[in-house]
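*Asks:* In this note's numbering, the protein residues as written are 3 to 413. We put the CB at the ideal spot given by N, CA and C, even for glycine. Below is the structure I would like to discuss, written out as structure tokens.
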Amino acid sequence: MPTKDRIGQSFRSYVSTIAVAILSASLSPSFLRSQSPPPQLNTSQQFGGARIDFTLASGAKGFVIRPNHSPISAKPWIWYAPTFVGRYPKPPLAGEEQFPKPALYDWMFSNLLASGYWIAGVDVGESYGNPRGRKAFTEFYDYIEVTFGLSPKPCLLAQSRGGLMLYNWAEENVSKVECIGGIFPVTNLESWPGLADPKLQAAYDMTENRLKEHLADHNPIDRLESLIKAKIPILSIHGDRDKSVPLLQNTFELTRRINKQGGTADFEIIRGKGHDENSEYFESKHLLAFFLSFLRSDDSKTLTMTSPASPNKPAKQSTVDCLWSNQKWPPRPGCEICFEQCSAPAGAHISKVAYSCTGKGCGWSYNPYGGYDPLYALNPEGTGFTWARRWQSGDEIRDVYTITYELPDAK
Numbered sequence: 003m004p005t006k007d008r009i010g011q012s013f014r015s016y017v018s019t020i021a022v023a024i025l026s027a028s029l030s031p032s033f034l035r036s037q038s039p040p041p042q043l044n045t046s047q048q049f050g051g052a053r054i055d056f057t058l059a060s061g062a063k064g065f066v067i068r069p070n071h072s073p074i075s076a077k078p079w080i081w082y083a084p085t086f087v088g089r090y091p092k093p094p095l096a097g098e099e100q101f102p103k104p105a106l107y108d109w110m111f112s113n114l115l116a117s118g119y120w121i122a123g124v125d126v127g128e129s130y131g132n133p134r135g136r137k138a139f140t141e142f143y144d145y146i147e148v149t150f151g152l153s154p155k156p157c158l159l160a161q162s163r164g165g166l167m168l169y170n171w172a173e174e175n176v177s178k179v180e181c182i183g184g185i186f187p188v189t190n191l192e193s194w195p196g197l198a199d200p201k202l203q204a205a206y207d208m209t210e211n212r213l214k215e216h217l218a219d220h221n222p223i224d225r226l227e228s229l230i231k232a233k234i235p236i237l238s239i240h241g242d243r244d245k246s247v248p249l250l251q252n253t254f255e256l257t258r259r260i261n262k263q264g265g266t267a268d269f270e271i272i273r274g275k276g277h278d279e280n281s282e283y284f285e286s287k288h289l290l291a292f293f294l295s296f297l298r299s300d301d302s303k304t305l306t307m308t309s310p311a312s313p314n315k316p317a318k319q320s321t322v323d324c325l326w327s328n329q330k331w332p333p334r335p336g337c338e339i340c341f342e343q344c345s346a347p348a349g350a351h352i353s354k355v356a357y358s359c360t361g362k363g364c365g366w367s368y369n370p371y372g373g374y375d376p377l378y379a380l381n382p383e384g385t386g387f388t389w390a391r392r393w394q395s396g397d398e399i400r401d402v403y404t405i406t407y408e409l410p411d412a413k
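Here's what the structure looks like:
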């Protein structure tokens, strides 16, 4: 029969073994990696702020740019995509791309930093918004929150293919998003790069047929329900001659779907511009004002939106026609796809839109998803809309949109 001393020795030995095991586990590389913040790589100056580059536990490289003088205690931030860190602060090798490009974003980011915004981004490679990239985005978001104590709801800034990345993440994390701004953002995989693209297939590890089967799970424009329900404010800047990422299938269609279902999206058309690097996109006062409207001086937003006519007040109902006509021969519109706008009188709210067309060219109404139905996108206030028409014929045509609007009775 074991003595008390032997029992005590056995117990002490057992406790020591357990303690050593726990200590060893706590010192293991995986444990340290999960508990310790990733090492900061370098600190430098960019856009008038202090830039800090770091590497996440997964190996993804990220950065934050801290405003030098921030009057905002809540630490608001802009999340930019796509980010390709490259060899910052050294210039990348010839042929390599680095985003955000300093020359392009000097005006926008300098103004945002001066207003109190932080700027941040993470390099997930050419993810095309795939699940692996979305997971890395969440890792980045969590790290940003813990390490820098930034606001739990950033504004997102999507440039081009950054739209696929940020929209797909936002649609799964809507409670963590304040607003979304875009510069010719991609929101439709079928439009760009196209489901037959081998790089897209490699990113998703799917064939073209598999991508078609699962498109609703990965295509931003097909999974908008959460953004609509939360009424996340959206503003996109897009050129009407963008051949790479067509306005119609991306920004226009996204806006049309969101506002039709009660969401809050708006866009500005840059006439005659394509998918290029010009100041009308990257020095947009409209886009800058959109972001600045979310800065808080207290607990309330400074952003105000026009409200529809109150159903509790008597409203006067009137109609107006918006016309667009084309003669058989010149002058013809100087566009392949024309975007025209129509508005109700100031203070009115559109309650109904009816469409009619006369002329041989009516059959050329453009709908990328099939059919000849008219395409129009309401603005977020419901006070006007933009409509699109494709021109492939010189035939005479007359578009008529009759809008019924309500104007509150002033009496």
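Just verifying my parser: in three-state terms, what is the DSSP assignment at T45?
*Replies:* Correct three-state label for T45: strand.
*Asks:* With distance defined between alpha-carbon atoms, name the residue in Y119, E147 and L166 nearest to P222.
*Replies:* Among Y119, E147 and L166, the Cα nearest to that of P222 belongs to L166.
*Asks:* Does the beta-carbon of A204 have 16 or more other beta-carbons within 10 angstroms, so that it is buried, or is it exposed?
*Replies:* The residue is exposed, with fewer than 16 neighbouring Cβ atoms inside 10 Å.
*Asks:* Which term fits G264, buried or exposed, when burial requires 16 or more other beta carbons within 10 angstroms of its beta carbon?
*Replies:* With fewer than 16 Cβ atoms within 10 Å of its Cβ, G264 is classed as exposed.
*Asks:* Quick one: using the 10 Å Cβ neighbour count with 16 as the cut-off for buried, is S177 buried or exposed?
*Replies:* Exposed, since its Cβ has fewer than 16 Cβ neighbours within 10 Å.
*Asks:* Count Cβ pairs between the stretch 149–160 and the stretch 125–137 that sit closer than 8 Å; are there 3 or more?
*Replies:* No: the two stretches stay apart, fewer than three of their Cβ pairs being nearer than 8 Å.
*Asks:* Please classify E1: is it buried, with 16 or more other beta-carbons within 10 angstroms of its beta-carbon, or exposed?
*Replies:* Past the edges of the chain, shown from 3 to 413, lies residue 1, and the structure says nothing about it.
*Asks:* According to DSSP, is P154 helix, strand or coil?
*Replies:* DSSP places P154 in coil when its eight states are reduced to three.
*Asks:* For a quick check, are the C-beta atoms of S345 and G384 less than 8 Å apart?
*Replies:* Going by C-beta atoms, S345 is not nearer than 8 Å to G384.
*Asks:* Quick one: residues in its chain with C-beta nearer than 6 Å to the C-beta of S358, no 5 flanking neighbours on either side, listed in chain order?
*Replies:* Hits under 6 Å: V402.
*Asks:* Leaving out five residues on either side along the sequence, give the residues of the same chain with a beta carbon under 6 Å from the beta carbon of G131.
*Replies:* L166, M167 and N170, listed in sequence order.
*Asks:* Nearest-angstrom Cα distance between S193 and E398?
*Replies:* Whole-angstrom Cα-Cα distance: 30 Å.
*Asks:* What do you get for L325, buried or exposed, if any count of 16 or more other CB atoms within 10 angstroms of its CB means buried?
*Replies:* Under this definition L325 is an exposed residue.
*Asks:* If E77 and W120 are in contact, beta carbons under 8 Å, what's the gap, nearest whole angstrom?
*Replies:* Checking the sequence, you will find Lys at residue 77 rather than Glu. Correct: roughly 6 Å between the Cβ atoms.
*Asks:* Between H288 and I185, what straight-line distance do the alpha-carbon atoms span, to the nearest angstrom?
*Replies:* Straight-line Cα distance between these residues: approximately 12 Å.
*Asks:* Going residue by residue through the stretch 127–191, where are the continuous beta strand (DSSP E) segments of at least 3 residues, counting only ones entirely within it?
*Replies:* Runs found: 157–161 and 181–185.
*Asks:* Excluding the 5 residues preceding and the 5 following T19 in the sequence, name in chain order all residues of the same chain whose CB lies nearer than 6 Å to its CB.
*Replies:* Low per-residue confidence applies at T19: pLDDT is 45, beneath 50, and the placement is therefore not dependable, though the value from the model is reported in the following sentence. The answer is none, since no qualifying residue turns up.
*Asks:* Measure the alpha-carbon distance for F254 versus F269 and round it to whole angstroms.
*Replies:* Roughly 8 Å between the two C-alpha positions.
*Asks:* Helix, strand or coil for S238 per DSSP?
*Replies:* Strand, per DSSP.
*Asks:* Pick helix, strand or coil for F56, following the three-state DSSP scheme.
*Replies:* Reduced to three states, the DSSP call for F56 is strand.
*Asks:* Relative to the C-alpha of Q48, which candidate in N70, D219 and I239 has its C-alpha closest?
*Replies:* That would be N70, whose Cα lies nearest to the Cα of Q48.
*Asks:* Give the straight-line distance between the Cα atoms of R391 and E338, rounded to the nearest whole angstrom.
*Replies:* Looking at the two C-alpha atoms, the distance is approximately 8 Å.
*Asks:* Answer with buried or exposed for H216, where buried requires no fewer than 16 other C-beta atoms within 10 angstroms of its C-beta.
*Replies:* The residue is exposed, with fewer than 16 neighbouring Cβ atoms inside 10 Å.
*Asks:* When the Cα atoms are used, what is the spatial distance from Y143 to Y206?
*Replies:* Answer to the nearest angstrom: the Cα atoms are 22 Å apart.
*Asks:* Is DSSP giving Y119 helix, strand or coil here?
*Replies:* Three-state DSSP puts Y119 in coil, outside helix and strand.
*Asks:* Does the distance from the C-beta atom of D108 to that of V87 stay below 8 Å?
*Replies:* Contact: no.
*Asks:* On a Cα-Cα basis, can you pick out the residue from R53, A83 and M110 that is closest to L294?
*Replies:* Checking every option, the nearest Cα to that of L294 belongs to M110.
*Asks:* Spatial neighbours of S486 within its chain, please: CB distance less than 7 Å, with the 5 preceding and 5 following residues excluded, ordered by chain position.
*Replies:* The shown model of the chain, from 3 to 413, leaves out residue 486, and the question about it has no answer.
*Asks:* With DSSP run on the structure shown, which of helix, strand or coil describes D300?
*Replies:* Note that D300 scores 41 on pLDDT, short of 50, meaning its location in the model is unreliable and no value can be drawn from it.
*Asks:* Considering only residues of the same chain and omitting the five flanking positions on each side of A83, which have a CB-CB separation below 7 Å?
*Replies:* Within the same chain, A83 has close Cβ partners G123, A160, G164, M167 and L168.
*Asks:* Give me the Cα-Cα distance between I182 and F296, rounded to the nearest whole angstrom.
*Replies:* Looking at the two C-alpha atoms, the distance is approximately 11 Å.
*Asks:* So what does V124 bridge to, in DSSP terms?
*Replies:* In the DSSP output, where bridge partners are listed per residue, V124 has G64.
*Asks:* Please confirm whether G51 and I67 have their CB atoms less than 8 Å apart.
*Replies:* Result yes, Cβ atoms of G51 and I67 sit closer than 8 Å.
*Asks:* If I follow the unbroken alpha helix (DSSP H) through H288, where does it start and stop?
*Replies:* K287 to L294 is the span of the alpha helix (DSSP H), which, as asked, contains H288.
*Asks:* I believe V179 touches I234 by the beta-carbon criterion, under 8 Å. Please report the beta-carbon distance rounded to the nearest angstrom.
*Replies:* 6 Å between Cβ atoms; contact.
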